[in-house]
Amino acid sequence: MAFAGTNISLSQPDITQKLTERIDDLKQKIAAWGKRIRRFTERSRRFNQNRLFQSDQKRLYKSLERPEVCGAGPGPDQANTVAFWRGLWSEPVNHSEGPWTEVVASQCASITPMDPVIITPDDVAEAVRRAPNWKSPGLDGLHHYWLKGFMVCHAVLARQFQEALNQKSLPSLFTTGITHLVPKDQAGFPLCRIGRFTGSVKLPEELMAKEYI
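Position 160 (the sequence shown) corresponds to 160 in the UniProt record's numbering; numbering is contiguous.
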């Protein structure tokens, strides 16, 4: 099969040289096909991951886990775990504005401001419709499922979001979440099997994405 379509014959005097050339040619073709297959596999993997991210983020993150790097054994006690996350989420942080912010501000000074954003009850209803029903709620403890049913709340939420936008101040409720640490299985308690579910306010994010992006 390696000589199909060629003029190579085993009776030729220079058969050794022709065999070597033919082998090199086949190796190059195999290498080229291997690169094409790897590119296709990588592209297919990215495409499937992007599609899975849109439909089921939990399955995507689970598929990205690497069990081989998870060390089994006794896990941290409750006090250490709480202290660790409290150090990340509860301690005040002082931010320092770098000089680059002034450069960016001066460069953007000539840009025409966008039209004022008006948030309507219909905008809130659309944002609520796309939000997950039972995702961990924020400080109010209210799941999106109930906001979808209690449509009378949409006008109130639209007014509150509009006030926050006009006053250019974000209430702490919008940026404060609740962290739940839950073992993903009952076999041991390795650190890499701790799931962190943070309650986040998705409605402002959805509304701003709709208006600004």
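The C-beta atom is built at its ideal place from N, Cα and C for all residues, glycine as well.
Keep in mind it's a predicted model, so treat the numbers as computed, not measured.
**Item:** Span separating the alpha-carbon of Gln28 from that of Leu19
**Value:** 14 Å
**Prompt:** What is the DSSP secondary structure of Cys108, counted as helix, strand or coil?
**Reply:** coil
**Prompt:** Thinking C-beta only, is Ile119 closer than 7 Å to Ala158?
**Reply:** yes
**Request:** Return the CA-CA distance between Leu89 and Ala83, expressed in angstroms with no decimal places.
**Result:** Here residue 89 is Trp; the residue named in the question, Leu, does not match the sequence. Spanning the two alpha carbons is a distance of roughly 10 Å.
**Asked** Touch check for the region 131–143 and the region 102–114: three-plus C-beta pairs under 8 Å?
**Response** no
**Prompt:** Does DSSP put Phe47 in a helix, a strand or coil?
**Reply:** helix
**Request:** Check whether the Cβ atoms of Ala155 and Pro204 lie closer than 7 Å to each other.
**Result:** no
**Request:** Can you say whether Pro116 is buried or exposed, counting buried as having 16 or more other CB atoms within 10 angstroms of its CB?
**Result:** exposed
**Asked** Does the beta-carbon of Pro137 have 16 or more other beta-carbons within 10 angstroms, so that it is buried, or is it exposed?
**Response** buried
**Asked** In terms of residues, what are the limits of the alpha helix (DSSP H) holding His95?
**Response** Careful: His95 lies outside any alpha helix (DSSP H) and carries neither H nor E.
**Prompt:** With DSSP run on the structure shown, which of helix, strand or coil describes Met208?
**Reply:** helix
**Asked** Looking at Leu52 and Leu60, is the spacing between their C-beta atoms short of 7 Å?
**Response** yes
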